[in-house]
Every structure is written in structure tokens, then in C-alpha cells.
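Asker: Questions regarding the structure given below will be posed in turn.
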Amino acid sequence: MKLQWIGYDNLVPNWRRSKFVSNQYIIVLVVYGQVMYEIDEVSLTLSKGDILITYPGTTRFGTNGPYPPHRKYSAHFTLDPSRHELLNELSVIKGYQHFKSRKFDYYHQRFTSMHRQWRGSSPLREFACQGMVMELFCSMLTGLQQQNIPAHRQLIVSELEAYIQAHFNEDIRVSQLAELVRLSPNYVTTIFKEITGQSPIDYVHHHRVSVASDLLLHSDMNIREISDYLGFCEPAYFNRIFKKVTGLPPSELQKQHV
């Protein structure tokens, strides 16, 4: 694998990409607003939580959506021919993949960390980012292959995700989630991890950290206020969870606040 670029478009007025044929793999994650693409003559509108994966040889054109501007991350890379052949054998290459992410908070955090690494001065930055890109790429392709998971399991997990997202700043326990869907805690944990790749509690932590990151970058709240808002018992615990998920303390991210 050769990593070419990690990009972040942050509310760019009149954002536009001319039509061209890409010779790279490109992963796009939209985190705010809408962006419109034309991929091989197919029109797509992406909004928060949408992922677009395009493969070498596709024709791309992009512009701001009807409610500009937007925020999105992108990773651009190439693969060895042998890896490309493997993807062909797995039948995952068809020009592009467009889908709504079930692991938005996780992918958002990984892209944020990856972009920070990419902009840094460490001689290992490219090596570190390559590992994260491959992790994300494999996770996304695995998720696409899991689309044959029974619909009733997906509905259960969707209900649990919606509950967590609506009550993320409350005390959430697995036993409470199990009561919500009238299943055992062990079964809830098993199917939740099968579909999202995370345990319910890890999902809660990643969602809280995602909200915290937005507040650190785009609000005037201080770390204690954010910790209280998210339902952490004390700032020290918030700091510990934030660093565990992102790899750095919240104070470091807050320095990027403009």
C-alpha cells in the first residue's frame, strides 16, 4: 500500500472538483452538511455519516450540496496489484461503494486522528497513517460483506444505536439495553459487536468522544463543562476515556479550536 494523501475539507465555500479519472482508491467520510458527486455518470448526494469508496479507473466529479458548505475527510491510496486481485475475488470492486456508516463515531475519530498525524512532523507519520487507512478500509469492506446478517438482528441493533444516540449523556448499562429489547445482556452484547464491531459500552464511549470532539473544536465550552454535559462523573475520567479513544488528551485537540 502507498498512501498518497489524507484530506479534510472544512466548510470550503464553492468547493468543486473537476471531472477526472482517478487512478487511486479514495475513501470519503462526510461529517457535516452535504456534498454531491457524479461517479461514472451516476449522481450521488452524501450527507453526515455517508461513506463513499471509489476504486481506480472511476470517473469522478464533485461539488457542494444544496446546503453548502460541508465537512468531510478523505484518504487517497494505491494498492499492490495482488491486493487488487484479492478484492476482485471477494467481489467488492464495482467502481464505487456508497453506504451509510453504522460506525460513524468510530470512523470519525479514526479520521480525525489520522489527519492530525498526517499534518504532523513525525518521520513515522506516513507509516502510522497507512496502518489506520488499511484498518478503516478492511473494516468498511467487512461491513459490506456482513449485509447478509439476518434483518431482525440489524433491527435490534438499530434500535439500540438510536437509544444510545438519544441518551448518550445518561448512565447507560448493558442490562438496561437488554431490558429495552427484552433480550439477555450476553446476547445483546454478542449481536451488537457482530454488527458494529464494538461492544455497547465502547460504542457509548466513542459516541461521547465524537460529540466532545465537535464541542472542543466548534464551541466555547471548556473541558469541565463538556465533561459534565456528556455525563462523565469527573473530568479525570473524561480525559482518560478521550485519550483512550483518540490517542491524545482533550486539551490537545482544543488547541486546534479556531
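When we follow the UniProt record's numbering, the leftmost residue of the sequence shown carries the number 1, and every step to the right adds one.
Cβ coordinates follow ideal geometry from the N, Cα and C atoms, glycine included.
Below 8 Å CB to CB, which residues in the same chain sit around Asp171 once its five sequence neighbours on both sides are set aside?
Answerer: The residue you call residue 171 lines up with position 171 of the sequence shown. Result list for Asp171: Gly231, in chain order.
Asker: State yes or no: is the C-beta of Leu29 within less than 8 Å of the C-beta of His108?
Answerer: For the purposes of this step, residue 29 is identified with residue 29 of the sequence shown, where counting begins at 1. For the purposes of this step, residue 108 is identified with residue 108 of the sequence shown, where counting begins at 1. Yes, these two residues count as a Cβ contact at 8 Å.
Asker: Hey, Tyr163 and Leu177 are a contact pair by Cβ (cut 8 Å); roughly how many whole angstroms apart?
Answerer: One-based indexing of the sequence shown puts residue 163 at position 163. One-based indexing of the sequence shown puts residue 177 at position 177. Yes, they are in contact, since the Cβ atoms of Tyr163 and Leu177 sit about 7 Å apart, within 8 Å.
Asker: Tell me the rounded alpha-carbon separation between Gln198 and Glu41.
Answerer: Locating residue 198 in the sequence shown gives position 198, where the first residue counts as 1. Locating residue 41 in the sequence shown gives position 41, where the first residue counts as 1. Whole-angstrom Cα-Cα distance: 36 Å.
Asker: Look up Tyr237 in the DSSP assignment and give the residues it is bridged to.
Answerer: By 1-based counting over the sequence shown, the position of residue 237 is 237. BP columns for Tyr237 are empty, so no partner.
Asker: On the DSSP letters alone, give me the boundaries of the alpha helix (DSSP H) that Ser121 sits inside.
Answerer: Here residue 121 refers to the residue found at position 121 of the sequence shown. That residue, Ser121, is in no alpha helix (DSSP H); it is neither H nor E in DSSP.
Asker: Which whole-angstrom value is the C-beta distance of His70 and Val35, which I expect to be below 8 Å?
Answerer: The residue you call residue 70 lines up with position 70 of the sequence shown. The residue you call residue 35 lines up with position 35 of the sequence shown. With 8 Å as the limit, His70 and Val35 qualify as a contact, their Cβ atoms being about 5 Å apart.
Asker: Would you list the residues sitting across from Leu29 in a DSSP beta bridge?
Answerer: Counted from its first residue, the sequence shown places residue 29 at position 29. Paired residue(s): Ile51 and Tyr73.
Asker: Whose C-alpha, out of Ile201, Ile241, Asp220 and Tyr25, is nearest the C-alpha of Ser175?
Answerer: Stepping through the sequence shown from its first residue, residue 175 is reached at position 175. Considering only alpha carbons, the answer is Ile201.
Asker: Could you check if Pro150 is buried or exposed, using at least 16 other CB atoms within 10 Å of its CB as the buried criterion?
Answerer: As a first step, residue 150 must be located in the sequence shown, where it is residue number 150. With fewer than 16 other Cβ atoms within 10 Å, it is exposed.
Asker: Name the two residues that bound the continuous beta strand (DSSP E) containing Ile172.
Answerer: If you number the sequence shown from 1, residue 172 lands on position 172. Where Ile172 is concerned, there is no enclosing beta strand (DSSP E), given that its DSSP letter is neither H nor E.
Asker: Is there a Cβ from chain C that is less than 8 Å from the Cβ of Ile226?
Answerer: The structure shown contains no chain C, having only a single protein chain.
Asker: Considering only the beta carbon of each residue, do Leu253 and Leu217 sit closer than 8 Å?
Answerer: Stepping through the sequence shown from its first residue, residue 253 is reached at position 253. Stepping through the sequence shown from its first residue, residue 217 is reached at position 217. Cβ distance < 8 Å, so Leu253 and Leu217 count as in contact.
Asker: Going by Cα to Cα distance, which pick from Tyr8, Met140 and Leu3 is closest to Ile51?
Answerer: For this step, residue 51 is matched to residue 51 along the sequence shown. That would be Met140, whose Cα lies nearest to the Cα of Ile51.
Asker: Are the CB atoms of Met114 and Met132 nearer to each other than 8 Å?
Answerer: Working through the sequence shown from its first residue, we reach residue 114 at position 114. Working through the sequence shown from its first residue, we reach residue 132 at position 132. In this structure, Met132 lies closer than 8 Å to Met114 by Cβ.
Asker: In whole angstroms, what separates the C-alpha of Glu38 from that of Thr54?
Answerer: Position 38 of the sequence shown, counting from 1, holds the residue named residue 38. Position 54 of the sequence shown, counting from 1, holds the residue named residue 54. Distance between the alpha carbons of Glu38 and Thr54 is about 11 Å.
Asker: Give me, in chain order, the residues of the same chain whose beta-carbon lies closer than 8 Å to that of Trp15; leave out the 5 immediate sequence neighbours on both sides.
Answerer: Mapped onto the sequence shown, residue 15 falls at position 15. Correct list, in chain order: Asp9, Val35, Gly62, Thr63, Asn64, Pro68, Pro69 and His70.
Asker: Below 8 Å CB to CB, which residues in the same chain sit around Leu160 once its five sequence neighbours on both sides are set aside?
Answerer: Within the sequence shown, the letter at position 160 stands for residue 160. Leu177, Leu180, Val181, Val188, Phe192 and Pro200, listed in sequence order.
Asker: Check each candidate in Arg240, Ala128, Arg60 and Gln4 and name the one with the smallest Cα separation from Val209.
Answerer: For the purposes of this step, residue 209 is identified with residue 209 of the sequence shown, where counting begins at 1. The shortest C-alpha separation from Val209 is found at Arg240.
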